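For reference, the structure discussed in these notes is given below.
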Amino acid sequence: MRIEQLEYLAAVTEHGSLRRASEAMHISQPALSEAVTKLEKELGTTLLDRRRTGSRISRQGLDLLQNMTEVLEAVDRLRQAAGQQSVRRRDLRIGTVNTASSSLLAPALRDLHARHGSGGVEVVHGRQVDIHQGLAEGSLDLGLVNVLPGDEVPPTLVADRLLDGTPVACLPVAHPLTARSRVTVDDLRAEPHVLMRPGFVMHRYAHRLFGGSLPGTTYATDGAEMGKAMVAAGLGISVLPDFSIVADPLVRAGVLTTRPIETDQTTVTLLMVRRRADRVPEPLRDLQRALVRQARAYRESAVAAPAADLTPVTPISSRARSLSAP
């Protein structure tokens, strides 16, 4: 067994395919595949699921992933102790449904940079199911997802509750509905809408809100950031969690504003999701703590700013647990 074989397998896990791993490792795809095949023969197990659509780490490989990661981290510590500069550096890959980027993730990444300096962090936007799958397969290190009451995370993952919020109407500041302190479902139904695509929690919420009868004119997009940009461009209004809007630059610039939805008491909860692991790398642990600090700061600012139209909500019942930062 050679260290580079473990590094190659870790690269396939990190990048999600043999092709991307070979590009990242600057080795030909056949050579990388051959190295992993030899490791499989030596260990007597299948480490990759090889399909026409690409190769990914197998279930047996996932079972061994924690042990292999510990070996590689030990090798890195040995190299550092020996003064070598060629320490293997693994980028952190964060999957997000986009709604936490402005209020939590961006400032948390700033905190991480202040502690660890410039380093590799890749933020991947996707649907909940894609993020859950990426975490299970090892191609993502951390996920930020939204859930509605009754939603559960897969039992193989650990979820920490960051924020509870309420859906609000996202409006251009000059929109006629801003003259009201609250808007009704009928008010919303009469307007062109920017919806999230299927697979996002706010798409399911829109169907619940409108009783399965969506507004006649709609646009669909993959995430809150593009949704807010489309609202700012005058294409329609949108319904998003309050925590995805109040700290947004477009709100601070006086382009967008929000209004509560009358009679609606739905809770949207932002979860930080990760794999179960006995040992968490220091940068990932520090990022988790930074996200918790930012969530706590957000909650404190929300309590101190009632004019922001933020209303207290009742925590949902789920497997998620609250996390406090040191």
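Everything in the sequence shown is counted per the working numbering, starting at 109 for the first residue and increasing by one. Note that the Cβ used here is the ideal one computed from N, Cα and C, for glycine as well. As the structure is a prediction and not an experimental result, all values here were calculated from the model.
Could you round the C-beta distance between residue i and residue j to whole angstroms and report it? I think they count as a contact, below 8 Å.
i, j, result
"Ile369", "Val291", "6 Å"
"Gln168", "Val144", "Incorrect: roughly 13 Å between the Cβ atoms, too far for contact."
"Glu115", "Leu180", "7 Å"
"Ala340", "Val363", "5 Å"
"Leu186", "Arg382", "Leu186 to Arg382, Cβ: 27 Å. No contact."
Can you check which of these residues, the options, is closest to residue i by C-alpha distance?
i, options, result
"Gly228", "Thr154, Pro306, Arg167 and Arg201", "Arg201"
"Asn175", "Arg404, Gly331, Tyr406 and Arg387", "Arg387"
"His233", "Val205, Leu250 and Asp199", "Val205"
"Glu178", "Pro323, Glu390, Val293 and Thr371", "Glu390"
"Val347", "Arg384, Pro280 and Arg397", "Pro280"
"Ile353", "Pro323, Leu343, Gly335 and Gly342", "Gly335"
"Arg183", "Glu333, Cys278, Asp330 and Ile111", "Looking at the sequence itself, residue 183 is Val, so the reference to Arg does not match. If we check each option's Cα against that of Val183, Ile111 comes out closest."
"Ala385", "Thr264, Gly331 and Cys278", "Thr264"
"Leu252", "Thr121, Asp372, Gly331 and Tyr327", "Gly331"
"Gln396", "Gly242, Glu260, Glu142 and Arg218", "Arg218"
"Val261", "Arg404, Arg401, Leu378 and Gln373", "Leu378"
"Glu230", "Arg297, Ala398, Ile239 and Leu248", "Leu248"
"Gly324", "Thr371, Arg401 and Pro300", "Pro300"
"Gln241", "His315, Gly203 and Gly152", "Gly203"
"Ile345", "His221, Ala361 and Thr326", "Thr326"
"His221", "Pro284, Ser409, Leu392 and Val400", "Leu392"
"Asp199", "Glu142, Leu213 and Thr121", "Thr121"
"Thr371", "Glu408, Pro357 and Val293", "Val293"
"Ile99", "Met380, Glu408 and Ser409", "Given that the chain is displayed from residue 109 to residue 434, the structure contains no residue 99 and the question cannot be resolved."
"Pro349", "Ala277, Leu213, Pro284 and Ser409", "Ala277"
Alpha helix (DSSP H) containing residue i: first to last residue?
i, result
"Met109", "Premise fails: Met109 is in no alpha helix (DSSP H) and is neither H nor E."
"Leu217", "Ala214 to His224"
"Arg379", "According to the sequence provided, residue 379 is Leu. The question's Arg does not apply to it. Here Leu379 belongs to no alpha helix (DSSP H); instead the beta strand (DSSP E) covers Val376 to Arg383."
"Pro262", "It is not in any alpha helix (DSSP H) - Pro262 carries neither H nor E in the DSSP assignment."
"Ile239", "Gln236 to Glu245"
"Leu285", "Looking at the DSSP string, Leu285 is not in any alpha helix (DSSP H), and its letter there is neither H nor E."
"Arg360", "Pro357 to Arg360"
Might you give, ordered along the chain, the residues of its own chain that have their beta carbon closer than 7 Å to the beta carbon of residue i, omitting 5 neighbours on each side?
i, result
"Ser130", "Ser136, Gln137 and Leu140"
"Met109", "Leu147 and Glu150"
"Ala119", "Ala129, Ala132 and Met133"
"Arg158", "none"
"Arg223", "Asp394"
"Phe308", "Val205 and Arg235"
"Arg429", "Model confidence at Arg429 stands at a pLDDT of 49, short of 50, so the residue's coordinates are unreliable; what they give is reported in the following sentence. Cβ neighbours of Arg429 beyond the five flanking positions: Asp268 and Arg269."
"His311", "Leu303, Met304 and Arg305"
"Arg297", "Phe318 and Pro323"
"Thr365", "Leu279, Val281, Thr286 and Val359"
"Val237", "Gly307"
So the beta strand (DSSP E) residue i belongs to, where does it begin and stop?
i, result
"Ala267", "Leu265 to Gly273"
"Arg367", "Leu364 to Pro368"
"Ser346", "Ser346 to Pro349"
"Gly152", "First-last for Gly152: undefined, no H or E at that position."
"His233", "Val229 to His233"
"Arg127", "Where Arg127 is concerned, there is no enclosing beta strand (DSSP E), although the alpha helix (DSSP H) it sits in stretches over Leu126 to Met133."
"Leu250", "Leu250 to Val255"
"Thr371", "Here Thr371 belongs to no beta strand (DSSP E), and DSSP marks it neither H nor E."
"Ile202", "Leu200 to Thr204"
Residues in the same chain with beta-carbon distance under 6 Å from residue i, minus the five sequence neighbours each way, listed in chain order, please.
i, result
"Ser211", "Phe351, Ala355 and Tyr406"
"His123", "Ala129 and Ala132"
"Ala337", "none"
"Pro215", "Gln402"
"Thr153", "Gln168"
By Cβ distance, which residues of its chain are closer than 8 Å to residue i, with the 5 residues on each side in sequence left out?
i, result
"Arg288", "Asp295 and Arg367"
"Leu155", "Leu117, Val144, Leu147, Glu148, Ile165, Ser166, Gln168, Gly169 and Leu172"
"Gly342", "Pro280"
"Tyr313", "Leu256, Pro275, Val347, Thr374 and Val376"
"Pro434", "Here the model assigns Pro434 a pLDDT of 44, short of 50, so the residue's position is not dependable, and the following value carries that caveat. Excluding residues within five positions, the ones whose Cβ falls inside 8 Å are Arg397."
"Ala244", "Leu170, Pro262, Thr264, Leu265 and Arg383"
"Thr329", "Val302, Leu303, Met304, Arg305, Gly335 and Met338"
"Arg315", "It is His, not Arg, that sits at residue 315 in the sequence shown. Once the five neighbours on either side are set aside, the close Cβ partners of His315 are Leu322."
Nearer than 6 Å: is that true of the beta carbon of residue i relative to any heavy atom of the ligand COA?
i, result
"Leu399", "This structure lacks the ligand COA; in fact it carries no ligand of any kind."
Identify every run of the beta strand (DSSP E) within the stretch 292-344, keeping only runs that are complete inside it and at least 3 residues long; order them along the chain. Runs of the beta strand (DSSP E) inside the stretch 292-344: 301-304 and 326-329.
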